[in-house]
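A short worksheet on the structure shown next.
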Amino acid sequence: MAKLLALSLSLCFLLFGGCFAFREQPQQNECQLEHLNALEPDNRIESEGGLIETWNPNNRQFRCAGVALSRATLQRNALRRPFYTNAPQEIFIQQGNGYFGMVFPGCPETFMEPRESEQREGRRFRDSHQKVNRFREGDIIAVPTGVVFWMYNDQDTPVIAVSLIDTSSFQNQLDQMPRRFYLAGNQEQEFLQYQQQEGRKEEQENEGNNIFSGFRRDFLEDALNVNRHIVDKLQGRDEDEEKGAIVKVKGGLSFISPSEKQPRHQRGSRQEEDEDEDEDEKRQPHRHSRQDEDEDEKRRPRRHSRQDEDEDEEEKRQPRRHSRGGSRSQRDNGFEETICTARLHQNIDSSSSPDIYIPQAGRIKTVTSFDLPALRWLKLSAEHGSLHKNAMFVPHYNLNANSILYALKGRARLQVVNCNGNNVFDGELEAGRALIVPQNFAVAAKSMSDRFSYVAFKTNDRAAIGKLVGATSSLSSIPEDVIAATFNMERNEARKLKSSNPFTFLVPPRESENKAAA
Amino acid sequence: MAKLLALSLSLCFLLFGGCFAFREQPQQNECQLEHLNALEPDNRIESEGGLIETWNPNNRQFRCAGVALSRATLQRNALRRPFYTNAPQEIFIQQGNGYFGMVFPGCPETFMEPRESEQREGRRFRDSHQKVNRFREGDIIAVPTGVVFWMYNDQDTPVIAVSLIDTSSFQNQLDQMPRRFYLAGNQEQEFLQYQQQEGRKEEQENEGNNIFSGFRRDFLEDALNVNRHIVDKLQGRDEDEEKGAIVKVKGGLSFISPSEKQPRHQRGSRQEEDEDEDEDEKRQPHRHSRQDEDEDEKRRPRRHSRQDEDEDEEEKRQPRRHSRGGSRSQRDNGFEETICTARLHQNIDSSSSPDIYIPQAGRIKTVTSFDLPALRWLKLSAEHGSLHKNAMFVPHYNLNANSILYALKGRARLQVVNCNGNNVFDGELEAGRALIVPQNFAVAAKSMSDRFSYVAFKTNDRAAIGKLVGATSSLSSIPEDVIAATFNMERNEARKLKSSNPFTFLVPPRESENKAAA
Amino acid sequence: MAKLLALSLSLCFLLFGGCFAFREQPQQNECQLEHLNALEPDNRIESEGGLIETWNPNNRQFRCAGVALSRATLQRNALRRPFYTNAPQEIFIQQGNGYFGMVFPGCPETFMEPRESEQREGRRFRDSHQKVNRFREGDIIAVPTGVVFWMYNDQDTPVIAVSLIDTSSFQNQLDQMPRRFYLAGNQEQEFLQYQQQEGRKEEQENEGNNIFSGFRRDFLEDALNVNRHIVDKLQGRDEDEEKGAIVKVKGGLSFISPSEKQPRHQRGSRQEEDEDEDEDEKRQPHRHSRQDEDEDEKRRPRRHSRQDEDEDEEEKRQPRRHSRGGSRSQRDNGFEETICTARLHQNIDSSSSPDIYIPQAGRIKTVTSFDLPALRWLKLSAEHGSLHKNAMFVPHYNLNANSILYALKGRARLQVVNCNGNNVFDGELEAGRALIVPQNFAVAAKSMSDRFSYVAFKTNDRAAIGKLVGATSSLSSIPEDVIAATFNMERNEARKLKSSNPFTFLVPPRESENKAAA
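Chains as they are written, first to last, in full-length UniProt numbering: chain A, 1 to 518; chain B, 1 to 518; chain C, 1 to 518.
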């Protein structure tokens, strides 16, 4: 496993500067933190179909880390209305399953729904749009700066999505305030409340708060070639502000998605199917029911369904295949392939194929830009961990990133130490709370629950850690004699210190604790 | 055309992070702008041969965008004296034609003028210097950080050059104040007036204000091995401050430039020749009279005239060819080729080969680092647009850049909307004024003149836009059902909304307006 | 030699953006400096084995440059205890020889010491650790952000190491305060004193000030699986604060290092051997006594000794070779090779193979990322210069970097000029003092000693300079007529000015001065 970390770090240096995060530094003294806190969201905005909670980005810990955190809950049949953000965003699906879409400017609309009358009328489509993706619990979703994003819950289980915005990223050329640009609705964007008074003093008449609201009606009528009635809907005029950013879809949403038996997805009926989709896929590789799964991609060199103007005769004769991700001619220009067909999510749940696995202690899995190349655009990565009771992760530090720890289940005792050797946090982190561990600060944890699990957002797409103790740690990599002189020890003590903990990163509970826990 | 934008964006992502702009973020709250203004220059410095106007870089809009803007006017035979700047610079030639030169440290002096007595004396030259380039109206010139730049107007038409300095660029390691370092003269650099009092309090005795002025005379005498008289000239001692940064050249300038009939360019007699130079070149491809033109480069794989110490015998026998960009041996080391021979300007005038062209509406052309690779050093690009009366560009936003709109001709009504749905600008932009549209803010315009044209400087060498409406826009890329639920519409309304505007980016005037305008 | 600079610059542009330094800009007005000072360290912390001196990083010049400077002196047998820093670091060895080590997380422990009983017991080792390097006077050592570093003086001559921390680097995601994270000891980290009061108010009980001190004892006992006695030593409990960051090693350190005659290095007995090691090596190439030397690397394509778990049978039979950097199988994965075996230091002393050498004037040598690729991670480079009495370096400016000049021997008169033509420094720089020359400011110097030598740290791994006068300077690269018009001269004066100084960068003393000096 140290292999994996070594690999990450080596490649990062191999690419010379590929491990830079290109972020704005916090202002003077912003990181001279003497006390960290495990924080809950401090604001909550209810809307028709769910709930958005936010952490105050002006909190000093968040200012030091240069990020903003929020959490959205979507009830069944709820749609998070499309928006874009002024900074890259990493979303972790804490719970639930559903669909999401992004709009990449300039990419073709590759999901094309044939009319019923298709055969006679030739190539006319009822609707066409860019790719729609299915997400599931444990997914990391990468949303680039300025890209329109929406998501939808088609299941009974509420979807809980935790979202990190890296406002210090240089893709954000504005100031560090997180900004949501909603395409619809009359609700305030969720971070507006944290802006300085100045930015808010000018309240406009009830004309909506979305990106269309600020244009004059006649402008939109001319630009869209639609009537006033539709413009009013675009602008969110007279819409109830309570409706909010997450709306309830009566009867559920219906759009094309690559499932053969159900050419048009219908509300909430796929739950069981989801659970055995992997086996399904293996048995019917021709179906391509999940274009974005790893297995699929390994088999085919990134050939996704796209249909552009100059498709050839053979393709025209078999139009159905294309709405499902079928074969692909070799005449692609090579450019659209990249972003327009990029994989945008990756499951990080540590239960399958962890990076570190010590049965008595727990498991860790990371998703970096090696796993999910889209993270290179974001310069973010993530780590998911799960610890048994009294198991620890050893004192270590983040070499090239800040880490935003968010507890998913159970609770753990964490300790964080700054450069002056001061303990800046010694407390519990329980499910639903977030703790920021600034770059280079040392941190260790011990699980207090049967299963403590967390996700850590990291502000570097190839985040690396330095372990202070254990196998392949700083202590084990320094010569024995240097250790002895450094710590004022006898040589045999130094030898013992270097070899006492044979584990990497995770440490099982000591015998005594095991018994106590049993 | 959407193809082009798609291409830009895709490649930007293809190169993973190639679309970063690497700029300093504005300080906290700097972009919480509730009112934008279309600004004129607020200061004007006359000099012997012309005029420099500046916009106040401390204006909040400019601080948010992290740029500085200025405009220079050069009368006939006027020389803008050499200077360098602490940040990358993109210059747009609004009017006129002339010559410019840059000094790339370490590059060879490739323009070598043979003496009259050359044949007898062998290889001795009257003068040698680095490449001199010809510019014309509509050119974008890329000036890297710290590179000495000068320009000269040899025509009757005054040259008007609008210059954007990206002070937030990370190539500028100083603070964000724009700084001109003049190599000559006694004038204040044009942005000094905007520095804080502290920076100005110390006025020195009348010793000039250029980069040589601050050295002691004896230092310069020793370093240059020249007498005091020449040092005084270098330091601008006793020069009239009114002379300024743009000086008048009596009798015009004369230097080698690659024109066969006029081995030494003489003042102001080439105007007609300029206008048919392209045909000229096609007829006489061996002449290479304009090394920097596109056609030329496509034909030859970047082989420019350079003459270094180790040239071979064959070359020695034909020295005249080399001062005009002739054949080139294959022994080049490959390094000097790159910067020393890089193309540094590109015409953006939309009349020829636009990227978007809708005859009833207008045309748009962009110059990015794909067109002009030197822009990769600058991390800047530009867009030139021209709109017929009542034609619009649709609501859209800059995905990854700030946009500095500068109106060239006519006037248009513009509207800009921020993340809170507030209208932060609704007014006219007329020729000569600039409006800053921050990243992600939505903007739309309608031309109020028969021909409204503008140039937009963008703070990213691969700036991309996201259209909110029309073909290949956010609306058209989202599934119909999602649109319907998002905007609280019936499905048939959503279908209408998605398809109502079939145009990309530019929209012709509506029928009624066409008649009214006629 | 201009070749070299040309090369640097060209390649920098060739790699398009490779010459960016990716640094945080100083805050508004921070670089509007009207007076620079040649500064001495303003604080001094004695410790058992030496001394650490620091320059105040809050000094405005340092804030403008975004760097911190310190100087460590190690007496014989002194060990600088391991620490890591929140920013990249360039260390110049002003005096002395010794050993240093770094810990790259995830890299294997490649120095393995066999037990005496090795032959019988097979592969068991007394100690193993990561590579240990030997440094000597004139070396530049590259220490990446967050990487643990230690150094040791095994000689009689005190080691003096000057260290530049680039706190503005984007590898530092914290604020700009330099931070040392010590792995051991009870001393304050040397930059703590400059932090704001707020950061210091909380003094903890006497529990040590290192990165282990802030953890609770039980945490460390569990994580390390050691007893309380060892934990106390780790935490620096009850250690005398005076002991400090540099400790004295009684009897000297002993660790494996690649010297055949002395398989275990013994205290201070290698001095003579060091001096002829190069010849030594040539005669006995099989010894590989200095894996990190240039000659060695050129011969072998970076094959260093590393031993990982899956080594093959043949290797097992010859275990001794591996602890000395012998042959290497071809099954390497190619990743570990890069960082784990990267060269981390390079001698810059100008006496051998200078880049500029003018016997009457002096010599200059630069170390950039072309010479020492590890500098690409740091985005730093360095220049070493040596001037004879009354020789000058000509007025020039740093194109893309700040320069931190540190005088090593003798003294010189320096002049620095800002963009307003004001002299911001005109004084002496003497041995042991530092002067900051901000990007683009013009600077010139004249030696006042028989030998003035300096090292300049530059905040760009491919720093380039623009010479204002002399061969291949701005003046020589601009056409004669432009020079004449620019400086208001006759053409023959311009010709004289362009050709008067035939030297590049360094200028010998004038005849008169030569005699006066003689």
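We put the beta carbon where it would ideally sit given N, CA and C, even for glycine.
Where the beta strand (DSSP E) through Ser474 (chain B) begins and ends: Looking at the DSSP string, Ser474 (chain B) is not in any beta strand (DSSP E); the run it does join, the alpha helix (DSSP H), is Ser474 to Ser477.
Reduced DSSP secondary structure (H/G/I, E/B, other) of Phe111 (chain C): strand
Reference Asn209 (chain A); option with closest CA among A:Leu192, A:Glu221, A:Asn186 and A:Asp218: A:Asn186
Simplified DSSP state of residue 529 (chain C), which is helix, strand or coil: Only positions 1 to 518 of chain C appear in this structure, which leaves residue 529 (chain C) out of reach.
Rounded Cβ spacing between Gln439 (chain C) and Ala401 (chain C) (contact assumed at less than 8 Å): 6 Å
Three-state secondary structure assigned by DSSP to Gln28 (chain C): coil
Touching by the beta-carbon criterion (3+ pairs, under 8 Å), the segment 455–468 of chain B and the segment 398–417 of chain B: yes
7 Å CB neighbourhood of Ile211 (chain B) in its chain, flanking five on each side removed: Phe181, Tyr182 and Leu183
Expected contact under 8 Å - CB spacing of residue 519 (chain A) and Glu493 (chain B) to nearest Å: There is simply no residue 519 (chain A) to check, as chain A begins at 1 and stops at 518 in what is shown.
Minimum C-alpha distance to Cys419 (chain C) - residue among B:Ala442, B:Gln193 and B:Ala391: B:Gln193
Neighbourhood of Lys243 (chain B) by C-beta distance below 6 Å, restricted to the same chain and skipping five residues each side: Glu48
Contact belief for Leu435 (chain C) with Leu36 (chain C) at Cβ below 8 Å, rounded distance in angstroms: 6 Å
Secondary structure of residue 545 (chain A), DSSP reduced to three states: Limits of chain A in this structure are 1 at one end and 518 at the other, which puts residue 545 (chain A) out of reach.
Buried or exposed by the 16-neighbour rule on C-beta atoms within 10 Å, applied to Ser163 (chain B): buried
Interface partners of Glu109 (chain C) on chain A, CB under 9 Å: Thr472, Ser476 and Ser477
Distance between Asn58 (chain A) and Asp166 (chain A) (C-alpha atoms, nearest Å): 14 Å
Pro395 (chain B) at chain A interface by Cβ criterion, 9 Å: yes
6 Å Cβ shell around Pro509 (chain B) - same chain, five flanking residues per side excluded: Asn390 and Ala391
7 Å Cβ cut-off: residues of chain C touching Gly208 (chain B): Gly421
Minimum Cβ-Cβ distance from Arg462 (chain B) to chain A less than 9 Å: no
Host beta strand (DSSP E) of Ser499 (chain C) (start-end): Ser499 (chain C) -> not in any beta strand (DSSP E); alpha helix (DSSP H) instead, spanning Arg491 to Ser499.
Reduced DSSP category for Glu297 (chain A) - H, G, I as helix; E, B as strand; rest coil: Low local confidence applies: a pLDDT of 36 at Glu297 (chain A) is under 50, so the model's placement there is unreliable, with the coordinate-based value given in what follows. If DSSP states are grouped into helix, strand and coil, Glu297 (chain A) belongs with the helices.
Proximal chain C residues relative to Arg368 (chain A), where beta-carbon distance stays under 9 Å: The sequence as given places Thr at residue 368 (chain A); Arg does not occur at that position. Under the 9 Å cutoff, chain C gives no residues; its nearest Cβ is about 13 Å from Thr368 (chain A).
Selection from A:Asn97, A:Glu190 and A:Lys131 that minimises the alpha carbon distance to Thr157 (chain A): A:Asn97
Test: Phe487 (chain B) CB closer than 9 Å to a CB of chain A: yes
Neighbourhood of Ala484 (chain B) by C-beta, 8 Å cutoff - its chain only, sequence neighbours within 5 removed: Glu490, Arg491, Glu493 and Ala494
Terminal residues of the alpha helix (DSSP H) in which Asp218 (chain A) lies: Arg217 to Leu224
Close Cβ partners of Lys261 (chain B) (< 8 Å) along its chain, the five nearest in sequence each way excluded: Bear in mind that the predicted position of Lys261 (chain B) carries a pLDDT of just 41, short of 50, making it unreliable; the figure below should be weighed with that in mind. Excluding sequence neighbours, Lys261 (chain B) sits near nothing in its chain.
Min CB distance Phe135 (chain A) to chain C below 9 Å: no
Residue 523 (chain B) to Tyr99 (chain A) span [Cα, whole Å]: The question about residue 523 (chain B) has no answer, for chain B in this structure spans 1 to 518.
Per-residue contacts from residue 521 (chain B) into chain A (C-beta, under 7 Å): Nothing about residue 521 (chain B) can be read from this structure; chain B reaches only from 1 to 518.
Proximal chain E residues relative to Gly98 (chain B), where beta-carbon distance stays under 7 Å: Absent here is chain E; the protein component of the structure consists of chains A, B and C.
C-beta atoms of Phe487 (chain A) and Phe22 (chain B) nearer than 9 Å: no
Asn43 (chain C) - partner residues in DSSP beta bridges: C:Thr54
Nearest-angstrom Cα separation, counted from Ile93 (chain C) out to Pro359 (chain A): 48 Å
Pick from B:Lys250, B:Lys248 and B:Arg216 that is closest to Leu234 (chain B), judged by C-alpha positions: B:Arg216
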